[in-house]
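Protein chains in written order, with the UniProt record's numbering: chain E, 1 to 204; chain U, 1 to 204. Glycine included, every Cβ here is placed at the ideal spot set by N, Cα and C. Predicted model, so just to flag it, every value in this text is computed and none were measured.
Number of protein chains: 2
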Amino acid sequence: MYVLRYSKASPYVRKILLAAHHLGLRDYITLEVADTSDPSDSLREQNPTGRIPVLVKQDGSSIYDSRVIMDFFERQSDNFLFPEKGDLRDLALTQAALAEGLIDSAILWVYADRFSGDHPIPELWRSHQLQKIEKGCDYLEEQISSWLSNQPFPGSAITLAACLGYLSFRDVYNWSNKRPKLLNWYNEVAVRLPGFEITAPDSD
Amino acid sequence: MYVLRYSKASPYVRKILLAAHHLGLRDYITLEVADTSDPSDSLREQNPTGRIPVLVKQDGSSIYDSRVIMDFFERQSDNFLFPEKGDLRDLALTQAALAEGLIDSAILWVYADRFSGDHPIPELWRSHQLQKIEKGCDYLEEQISSWLSNQPFPGSAITLAACLGYLSFRDVYNWSNKRPKLLNWYNEVAVRLPGFEITAPDSD
């Protein structure tokens, strides 16, 4: 068994759980809630930066972050998340990296409020993140048909699903408005990923 | 030839360049400065989120982010950055992920100033990032001897070198004070990486 330090709201945790469902590994994972804001949580012994997800392996060693855990999962399964080599691997990894970049921006948008203290929320920071998200979603609307429908790489689809779900969950950006192709991809592909519903984000 | 969209200050660009030096690929890369703050820079056509580094391949396609480029570089070379499989791969990838987490925190510490607008710099945010960096450096001081000296995985060493160099360059955190083992690793291992001097960060 593996132990996954997690929170129900984290899009990077959701990515890992969707990957585990896809690869048939979900039954080998025990979930253990992590409180990233509590310095006494044992999480910091597993990952000194206090980020989640962290996976504790059977030998007691901890591995992180989500991409490293995905890489590990892929090696425990006969199934795959990304093509093994060639241009298709570059394409699929870049797709996932784009979705991860958008997740980063969404989290930083949320944190602008959480960490502003007594100061007003820095709007310059928020608009900087929103610009990245908007440009990324425009690009996805343009590319999604050829990008992910014809060659659905599971790792890319899983990451993008976690990304779009998080944007909606935190009310960061209304990505589906005026983006019919992206919305269609979400409704036709993303929601059918194994474990999609059971991994839906929930407030901490 | 590949084109690398870059800036001299970016630790993620430095990571890529150190990797290219290590793998013997540096001569195949043309550098092209990217202005991440200029919306009209062609960078946004290569990566809609406007982040660097981006590598433009010979077929004109763009790949990002730095980990994806590392993965691509590794497949173009007979040399390696990370072990191919097993527990050593998990260890080495987690080492690099820790260093990357610290780079993220350092960049976010710097951006707290750059994007605060007319507001004061949010100190809560800065201290949140500094805590992560401090904890991470404490962990490295404790682990560095067994972690990287006996089994020097190039990908981990390169990422950590770029991380520590950036912390010093931006005056984010005095990591070497009271951390003799980490400082020794930097002076004995990091500075000897191929391309270390020529890739040193420089102001934009």
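Option in the options with minimal Cα separation from residue i
i	options	result
residue 102 of chain U	U/133, U/62, U/172	U/133
residue 3 of chain E	E/36, E/52, E/38	E/52
residue 147 of chain U	U/92, U/34, U/176, U/7	U/92
residue 74 of chain U	U/5, U/17, U/34	U/17
residue 82 of chain E	E/154, E/57, E/38	E/154
residue 48 of chain U	E/35, E/87, E/139	E/139
residue 195 of chain U	U/161, U/59, U/38, U/54	U/161
residue 40 of chain E	U/7, U/197, U/135, U/191	U/135
residue 170 of chain U	U/201, U/84, U/7, U/38	U/201
Beta carbon of residue i nearer than 9 Å to that of residue j
i	j	result
residue 14 of chain U	residue 165 of chain U	yes
residue 163 of chain U	residue 11 of chain U	yes
residue 90 of chain U	residue 80 of chain E	no
residue 87 of chain U	residue 61 of chain E	yes
residue 179 of chain E	residue 123 of chain E	no
residue 203 of chain E	residue 9 of chain E	yes
residue 22 of chain E	residue 121 of chain E	no
Residue i versus residue j: straight-line alpha-carbon distance, rounded
i	j	result
residue 199 of chain E	residue 27 of chain U	46 Å
residue 107 of chain E	residue 125 of chain E	12 Å
residue 252 of chain E	residue 63 of chain E	Residue 252 of chain E cannot be examined here, being either before or after the span of chain E that is shown, 1 to 204.
residue 211 of chain U	residue 77 of chain U	This structure does not reach residue 211 of chain U, given that chain U is present from 1 up to 204, and the question cannot be answered.
residue 32 of chain E	residue 56 of chain U	41 Å
residue 185 of chain U	residue 189 of chain E	48 Å
residue 54 of chain E	residue 19 of chain E	14 Å
residue 109 of chain U	residue 172 of chain U	7 Å
residue 156 of chain U	residue 5 of chain U	23 Å
residue 104 of chain E	residue 85 of chain U	28 Å
residue 114 of chain U	residue 111 of chain E	16 Å
residue 191 of chain E	residue 177 of chain E	18 Å
residue 168 of chain E	residue 119 of chain E	26 Å
residue 7 of chain U	residue 197 of chain U	16 Å
residue 175 of chain E	residue 152 of chain U	44 Å
residue 38 of chain U	residue 187 of chain U	37 Å
Presumed contact (8 Å Cβ cut-off) between residue i and residue j, rounded CB distance
i	j	result
residue 144 of chain E	residue 182 of chain E	6 Å
residue 36 of chain U	residue 1 of chain U	About 23 Å separates the two Cβ atoms, so there is no contact after all.
Check: residue i C-beta below 8 Å from any heavy atom of the ligand ZN
i	result
residue 172 of chain U	The model on display carries no ligand, and the ligand ZN is accordingly not part of it.
At least 3 beta-carbon pairs within less than 8 Å: the region 62 to 69 of chain U vs the region 86 to 100 of chain E: yes
Looking at C-beta atoms only, is the number of pairs between the region 38 to 51 of chain U and the region 114 to 129 of chain U that lie closer than 8 Å three or more? no
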